[in-house]
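Quick notes on the structure that follows.
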Amino acid sequence: MNMKLRRTALAVVTASALILTGCASDGGSGSSDGSKDSSNSAAGEKLDVKLDGSYNAKDRSELKQGGELRLAITEISQQQNPFQADGTRYTSDVWKFYNPQIGLFDGSGEFHVNNDYITDVKDEEKDGKTVVTYTIHEKAQYNDGTPIDWKAFENTWKFNNGEDEEANVSSTDGYELIESVEPGENDKQAVITFKQAYPWWQGLFNFLLPPQVDSAEKFNTAYLGEVHPEWGAGPFKVESVDFQSGNATFVPNEKWWGDKPFLDKVTYRQMEDQASINAFKAGEIDATGVGNKERLAAVKDMQGIEIRTAMAPSNSLIVLNSKNEILSDAKVREAIMTGIDRSTLSGIRFNGLNGYTEDLPGSFNLYQTQEGYEDNFGSVVKFDAEKAKSLLDEAGWKEGGDGIREKDGKKLSMRYTLLGDSSISKALATATQKMMKDIGVDLKVEERPSSDFSKITSSYDFDVFPMGFSSGDPFGVAYFGQIYRSGSQLNRSGTGTPEMDKKIDELSQIADPNEQIKEANKLEKEALGQFGIMPIYNGPAMVATSPDIANFGANSFAVIEVENIGYTK
Numbered sequence: 020m021n022m023k024l025r026r027t028a029l030a031v032v033t034a035s036a037l038i039l040t041g042c043a044s045d046g047g048s049g050s051s052d053g054s055k056d057s058s059n060s061a062a063g064e065k066l067d068v069k070l071d072g073s074y075n076a077k078d079r080s081e082l083k084q085g086g087e088l089r090l091a092i093t094e095i096s097q098q099q100n101p102f103q104a105d106g107t108r109y110t111s112d113v114w115k116f117y118n119p120q121i122g123l124f125d126g127s128g129e130f131h132v133n134n135d136y137i138t139d140v141k142d143e144e145k146d147g148k149t150v151v152t153y154t155i156h157e158k159a160q161y162n163d164g165t166p167i168d169w170k171a172f173e174n175t176w177k178f179n180n181g182e183d184e185e186a187n188v189s190s191t192d193g194y195e196l197i198e199s200v201e202p203g204e205n206d207k208q209a210v211i212t213f214k215q216a217y218p219w220w221q222g223l224f225n226f227l228l229p230p231q232v233d234s235a236e237k238f239n240t241a242y243l244g245e246v247h248p249e250w251g252a253g254p255f256k257v258e259s260v261d262f263q264s265g266n267a268t269f270v271p272n273e274k275w276w277g278d279k280p281f282l283d284k285v286t287y288r289q290m291e292d293q294a295s296i297n298a299f300k301a302g303e304i305d306a307t308g309v310g311n312k313e314r315l316a317a318v319k320d321m322q323g324i325e326i327r328t329a330m331a332p333s334n335s336l337i338v339l340n341s342k343n344e345i346l347s348d349a350k351v352r353e354a355i356m357t358g359i360d361r362s363t364l365s366g367i368r369f370n371g372l373n374g375y376t377e378d379l380p381g382s383f384n385l386y387q388t389q390e391g392y393e394d395n396f397g398s399v400v401k402f403d404a405e406k407a408k409s410l411l412d413e414a415g416w417k418e419g420g421d422g423i424r425e426k427d428g429k430k431l432s433m434r435y436t437l438l439g440d441s442s443i444s445k446a447l448a449t450a451t452q453k454m455m456k457d458i459g460v461d462l463k464v465e466e467r468p469s470s471d472f473s474k475i476t477s478s479y480d481f482d483v484f485p486m487g488f489s490s491g492d493p494f495g496v497a498y499f500g501q502i503y504r505s506g507s508q509l510n511r512s513g514t515g516t517p518e519m520d521k522k523i524d525e526l527s528q529i530a531d532p533n534e535q536i537k538e539a540n541k542l543e544k545e546a547l548g549q550f551g552i553m554p555i556y557n558g559p560a561m562v563a564t565s566p567d568i569a570n571f572g573a574n575s576f577a578v579i580e581v582e583n584i585g586y587t588k
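Read left to right, the sequence shown gives residues 20 to 588 (the working numbering).
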């Protein structure tokens, strides 16, 4: 399930398995594009959560030319290479508007290629190996005139298969199982041969790394604090990106060979939660997330809007930084998790969302709506404050006179890093702080701006941190290693062992997808026993926007061509 860290609960396809986003989702300012079937859920009505997305799907013949789409974004990330380890959900948000979108999905996760780049794709099994052949559009080229051909696929594979240790990649999952990338009948055909049968190939090569990125140094630094419009290729081009003010603007690309985009301009503005809801009410942006009680109430009396509500393929979680001296003890990490009542946090998060309920999430492999899902976390950790106290006793942390535990003259104190100004996020922080005090932990809440997200995660500048994973495809266990392998750039807990890495390698070599899911559930229980990450809730994606905006809203798994976003006639 293509994932990265995220701050909001709305999914977007990415270069690697999961997408990193900032704090655990509170239904805040983000918005996304994709999905199918419009859901006109008004504030106060019982939520109609579409499992396969809600985005007002329209054919191009039903749209009119012109208009601008103005969106809020949590940050214009410093790292603008989505394959690089410090890339985030927000990196991908920018990338998709001026770079090739190769693989597309509908809201239920069905895959199809973008015919403006790929005219044909076929997969077959030869001698026990999966072979995928992409036929590339003859007109496809980068803005600098470089052809998009098999070399772009080769470059993407070579930098993401883990062989170049200088390239700090987000994930090698899937790419390390490729044996070769070669030209087919001509340079406009890429033949991908895996080392084995590989059932999840549709999750790879959905973004391409331009062949102009030809060294590990460029891979790591070329997109650091800048974008490269000349290496882009798509219906839009970069008009401007300002990393200081946090703005990015895209306009139609005169070098584009495919269907003309409908929008005249797309603009991102970096905003905190309160600023984004105010901007939406003032008509300064065209969509905003309203997935919590306060944001939903803020827009309930607005005329001429609709709220698109869908299942969000995402996990909000709490990460414990094992690089912290106190949290380096697994027994302390277990105690912290055992002392957190996830039901209480879920209740705070979904308070006021009429009729919405969900079971506590138990896996980072699959969602509860997917076949093969098991509650793996629930089999490892259950809320029990008395057990949490016992675990801390065993770890040598004894209760002090003020109720805070001590060991070797040191207080059991750590930071909870809170991003942004959302009142829901603050309520979740306060509740967690109270739970920790009840077991003798001094949890200090440190408030930081949302724009510090990349800085915090890349430098591990936290002890306890709420964040999120968003999925860009439904392929679940294909990305097990991105979550649980030691050195994982997605799982910022710093947990993982060589023994677990070996088991992950063995898992990836299981050719039968159902058998791999079965074994992944067993292995995830073991991995969760390292007590680095704990899922808190999933939640719905809710986007308030104009009814006239088509092919845009709450995705579920959908990824749609950016040129097909527009306004209805």
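C-beta atoms are modelled at their ideal positions from N, C-alpha and C, and glycine is treated no differently. Keep in mind that this is a model prediction, so the values were computed, not measured.
Taking the beta carbon of D378 as the centre, do at least 16 other beta carbons fall within 10 Å, making it buried, or is it exposed? Position 359 of the sequence shown, counting from 1, holds the residue named residue 378. Looking at its Cβ environment, which holds fewer than 16 other Cβ atoms inside 10 Å, D378 is exposed.
Closer than 8 Å by C-beta to K588: which residues in its own chain qualify, once you throw out the five before and the five after it? Chain order, please. Numbered from 1 along the sequence shown, position 569 holds the residue referred to as residue 588. Contacts found: E81, L82 and K83.
According to the neighbour-count rule (16 or more other Cβ atoms, all chains shown, within 10 Å of its Cβ), is G72 buried or exposed? Here residue 72 refers to the residue found at position 53 when the sequence shown is read from its first residue. G72 should be labelled buried.
Taking three-plus beta-carbon pairs below 8 Å as touching, is the segment 453-471 in contact with the segment 414-422? yes
Pairwise C-alpha distance: F224 and T175: Residue 175 sits at position 156 when you count from the first residue of the sequence shown. Residue 224 sits at position 205 when you count from the first residue of the sequence shown. So the alpha carbons of these two residues sit roughly 7 Å apart.
Excluding sequence positions up to five away, which residues of its chain have a Cβ less than 8 Å from the Cβ of M433? As a working note, residue 433 is residue 414 in the sequence shown. Same-chain partners within the cutoff: N343, I345, L346, V460, D461, L462, K463, D482 and V483.
Mapping the DSSP letters down to three states, classify G49 as helix, strand or coil. Translated into the one-based positions of the sequence shown, residue 49 becomes position 30. Confidence is the limiting factor: at G49 the pLDDT is only 47, short of 50, which leaves the residue's position unreliable and the question unanswerable from this model.
When we look at the beta-carbon of A301 and count the other beta-carbons within 10 Å, is it buried (16 or more) or exposed? Here the question's residue 301 lines up with position 282 in the sequence shown. Counting Cβ neighbours within 10 Å, A301 comes out exposed, since fewer than 16 surround it.
Residues bridged to V200 [DSSP beta-bridge criterion]: Within the sequence shown, the letter at position 181 stands for residue 200. Paired residue(s): I211.
7 Å CB neighbourhood of M356 in its chain, flanking five on each side removed: The sequence position of residue 356 within the sequence shown is 337, counting from 1. Counting only Cβ-Cβ distances below 7 Å, and skipping sequence neighbours, we find V400, F550 and M553.
Checking 8 Å against the spacing of the C-beta atoms, do N570 and A76 come in under that value? As a working mapping, residue 570 is identified with position 551 in the sequence shown. As a working mapping, residue 76 is identified with position 57 in the sequence shown. Yes, the pair counts as a contact, with Cβ atoms nearer than the cut-off.
Spatial neighbours of A61 in its chain, beta-carbon cut-off 6 Å, leaving aside the 5 residues before and after: If you number the sequence shown from 1, residue 61 lands on position 42. Here A61 scores only 44 on pLDDT, less than 50, and its place in the model is too uncertain to base an answer on.
Might you give, ordered along the chain, the residues of its own chain that have their beta carbon closer than 6 Å to the beta carbon of Y217, omitting 5 neighbours on each side? In the sequence shown, counting from the first residue as 1, residue 217 sits at position 198. T149 and L196, listed in sequence order.
How would you call I584, buried or exposed, if buried means at least 16 neighbouring beta carbons within 10 angstroms? Against the sequence shown, residue 584 aligns to sequence position 565. Counting Cβ neighbours within 10 Å, I584 comes out buried, since at least 16 surround it.
Counting along the chain, where does the alpha helix (DSSP H) carrying L282 start and finish? On the sequence shown, residue 282 is found 263 positions in, with the first residue counted as 1. Note, L282: premise wrong, no alpha helix (DSSP H); not H, not E.
Just list the residues that DSSP pairs P554 with in beta bridges. For the purposes of this step, residue 554 is taken as residue 535 along the sequence shown, with counting starting at 1. DSSP, once it has assigned bridges, lists L336 as partnering P554.
Alpha helix (DSSP H) containing A448: first to last residue? Within the sequence shown, the letter at position 429 stands for residue 448. For A448, the enclosing alpha helix (DSSP H) covers residues S442 to D457.
Distance, I296 Cα to N596 Cα: There is simply no residue 596 to check, as the chain begins at 20 and stops at 588 in what is shown.
For Q98, which of helix, strand or coil comes out of DSSP? Counted from its first residue, the sequence shown places residue 98 at position 79. Note: Q98 maps to strand in three-state DSSP.
Do the CB positions of W114 and Q103 come within less than 8 Å of each other? Numbered from its first residue, the sequence shown carries residue 114 at position 95. Numbered from its first residue, the sequence shown carries residue 103 at position 84. No Cβ-Cβ contact shorter than 8 Å links W114 with Q103.
Give the secondary structure of E173 by DSSP, where H, G and I count as helix, E and B as strand, and everything else as coil. Mapped onto the sequence shown, residue 173 falls at position 154. Three-state DSSP puts E173 in a helix.
P218, DSSP secondary structure in three states: The residue given as residue 218 occupies position 199 in the sequence shown. Three-state result, P218: coil.
Cut-off 6 Å between Cβ atoms - residues of its own chain near F262, not counting five sequence neighbours on either side: Here residue 262 refers to the residue found at position 243 of the sequence shown. Cβ within range, chain order: I95 and G244.
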